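Numbering (this note's numbering), first residue to last: -8 to 398.
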């Protein structure tokens, strides 16, 4: 409680990771009883065995519903959490291709109660199977975009020369799905990806870019990943502690070897690990400073341009006070001194653009980049007398963010 109060005093909200789907029912030392299993000598709360070797809660039982209802409200009432992340909702509400109506009604009732008595507290679902419209059917506020995390890691693993084959599925479809989904999404890089067990090291971000020829390319690719996560249409973003310095060993592996879970030495500002931490920090400050990213969530998103052969995509993220944000990603290891980004003639705001300035570049030397593709000014011109185009310097494996000033 003291920790949460202290974080609140420093402007930091706290989201509680709550597990209402299953529970562990055995102890390594059999003389000890554990958890809730046979709490009163009977199978009081459990249903069947889960895929993790634990027991699913049985939501047909009133005892289970009351226990978990009280658990969630206790943490909110006593500790003042700002949100609850519901773990493993997919397995809670649907198994063997059958909806579990008792669990669905439980979630609907609990979320309604939280919104009624704890206004402002976020109810977030970790759901991996694409169950439709959790917001409407179960009163969730947000959903973790697990699909983005999987697609992002798979795309990172893909050698540069092969990425164009996966362009539509891993980039365009992900962008459009995030924009048009029935649920409001948070883009997450989760502990589940790297700390689910001893065989998850392939998902560690630094291992995902092991195909790159040198550390400069590896870290450029990862800076681009974080910029993509923060800028793409969503209702927010979260990363796993340790990813902000691209920790080369997961928490699980470090603890298994008797080390602290976090390698704080990597935050040295002169290393590439420390520089990527500075990049993420500045991206977060930029995100907060510009309401275009978060005021209307994904609704301000519109695709400007995409070209799979060059692995370049550009999109807008809304307007605020006659200022519009444009984001340009280059997912290839080729840089361009001059690259034209055409602006659609159907865009009603094209004629209103007075000028555009670069406000962020992941290739900045202070982030570990080359610093040779900076845009001192953005040229806006007509392309063959028709569409307007931005002409920008576009670094390899990079994101640049532009501020369009409208009249």
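Even glycine gets a Cβ: it sits at the ideal position worked out from N, Cα and C. Bear in mind the structure is a predicted one, so any value in this text is a computation, not a measurement.
Between which two residues does the alpha helix (DSSP H) harbouring residue i extend?
{"i": "residue 66", "result": "53 to 70"}
{"i": "residue 104", "result": "92 to 108"}
{"i": "residue 84", "result": "80 to 84"}
{"i": "residue 170", "result": "164 to 171"}
Does the beta-carbon of residue i have 16 or more other beta-carbons within 10 angstroms, so that it is buried, or is it exposed?
{"i": "residue 328", "result": "exposed"}
{"i": "residue 39", "result": "exposed"}
{"i": "residue 132", "result": "buried"}
{"i": "residue 357", "result": "exposed"}
{"i": "residue 353", "result": "buried"}
{"i": "residue 76", "result": "buried"}
{"i": "residue 238", "result": "buried"}
{"i": "residue 241", "result": "buried"}
{"i": "residue 359", "result": "buried"}
{"i": "residue 102", "result": "buried"}
{"i": "residue 67", "result": "buried"}
{"i": "residue -1", "result": "exposed"}
{"i": "residue 255", "result": "exposed"}
{"i": "residue 399", "result": "Shown here, the chain extends from -8 to 398; a query on residue 399 therefore has no answer."}
In this structure, how does DSSP classify residue i when only helix, strand and coil are distinguished?
{"i": "residue 202", "result": "coil"}
{"i": "residue 243", "result": "helix"}
{"i": "residue 149", "result": "coil"}
{"i": "residue 290", "result": "helix"}
{"i": "residue 2", "result": "coil"}
{"i": "residue -7", "result": "helix"}
{"i": "residue 261", "result": "coil"}
{"i": "residue 120", "result": "coil"}
{"i": "residue 267", "result": "helix"}
{"i": "residue 207", "result": "helix"}
{"i": "residue 113", "result": "strand"}
{"i": "residue 13", "result": "strand"}
{"i": "residue 273", "result": "helix"}
{"i": "residue 278", "result": "helix"}
{"i": "residue 284", "result": "helix"}
{"i": "residue 7", "result": "strand"}
Express the C-alpha separation of residue j and residue i in angstroms, rounding to a whole number.
{"i": "residue 401", "j": "residue 98", "result": "No answer is possible for residue 401: it lies beyond the span of the chain, which begins at -8 and ends at 398."}
{"i": "residue 385", "j": "residue 163", "result": "19 Å"}
{"i": "residue 399", "j": "residue 129", "result": "Here the chain has residues from -8 to 398 only, and residue 399 is not among them."}
{"i": "residue 351", "j": "residue 48", "result": "48 Å"}
{"i": "residue 227", "j": "residue 216", "result": "15 Å"}
{"i": "residue 389", "j": "residue 95", "result": "42 Å"}
{"i": "residue 78", "j": "residue 7", "result": "10 Å"}
{"i": "residue 235", "j": "residue 33", "result": "46 Å"}
{"i": "residue 212", "j": "residue 253", "result": "22 Å"}
{"i": "residue 53", "j": "residue 232", "result": "37 Å"}
{"i": "residue 186", "j": "residue -4", "result": "28 Å"}
{"i": "residue 115", "j": "residue 373", "result": "45 Å"}
{"i": "residue 277", "j": "residue 81", "result": "34 Å"}
{"i": "residue 171", "j": "residue 288", "result": "11 Å"}
{"i": "residue 155", "j": "residue 222", "result": "21 Å"}
{"i": "residue 118", "j": "residue 137", "result": "7 Å"}
{"i": "residue 366", "j": "residue 348", "result": "8 Å"}
{"i": "residue 195", "j": "residue 85", "result": "29 Å"}
{"i": "residue 27", "j": "residue 396", "result": "60 Å"}
{"i": "residue 291", "j": "residue 369", "result": "22 Å"}
{"i": "residue 272", "j": "residue 362", "result": "19 Å"}
{"i": "residue 230", "j": "residue 267", "result": "13 Å"}
{"i": "residue 332", "j": "residue -7", "result": "51 Å"}
{"i": "residue 105", "j": "residue 64", "result": "8 Å"}
{"i": "residue 87", "j": "residue 46", "result": "16 Å"}
{"i": "residue 307", "j": "residue 394", "result": "10 Å"}
{"i": "residue 207", "j": "residue 300", "result": "23 Å"}
{"i": "residue 184", "j": "residue 148", "result": "14 Å"}
{"i": "residue 36", "j": "residue 142", "result": "36 Å"}
What is the residue span of the beta strand (DSSP E) that residue i lies within?
{"i": "residue 383", "result": "379 to 385"}
{"i": "residue 389", "result": "389 to 397"}
{"i": "residue 302", "result": "From DSSP, residue 302 is part of no beta strand (DSSP E); its letter is neither H nor E."}
{"i": "residue 182", "result": "Counting along the chain, residue 182 falls outside any beta strand (DSSP E), though it belongs to the alpha helix (DSSP H) covering 182 to 185."}
{"i": "residue 127", "result": "No beta strand (DSSP E) contains residue 127, which is instead part of the alpha helix (DSSP H) from 125 to 129."}
{"i": "residue 226", "result": "No beta strand (DSSP E) contains residue 226, which DSSP labels as neither H nor E."}
{"i": "residue 74", "result": "74 to 77"}
{"i": "residue 46", "result": "46 to 48"}
{"i": "residue 372", "result": "370 to 373"}
{"i": "residue 135", "result": "133 to 135"}
{"i": "residue 38", "result": "37 to 40"}
Beta strand (DSSP E) runs contained entirely in the region 307 to 361, provided each spans 3 or more residues: 314 to 321, 327 to 334, 344 to 352
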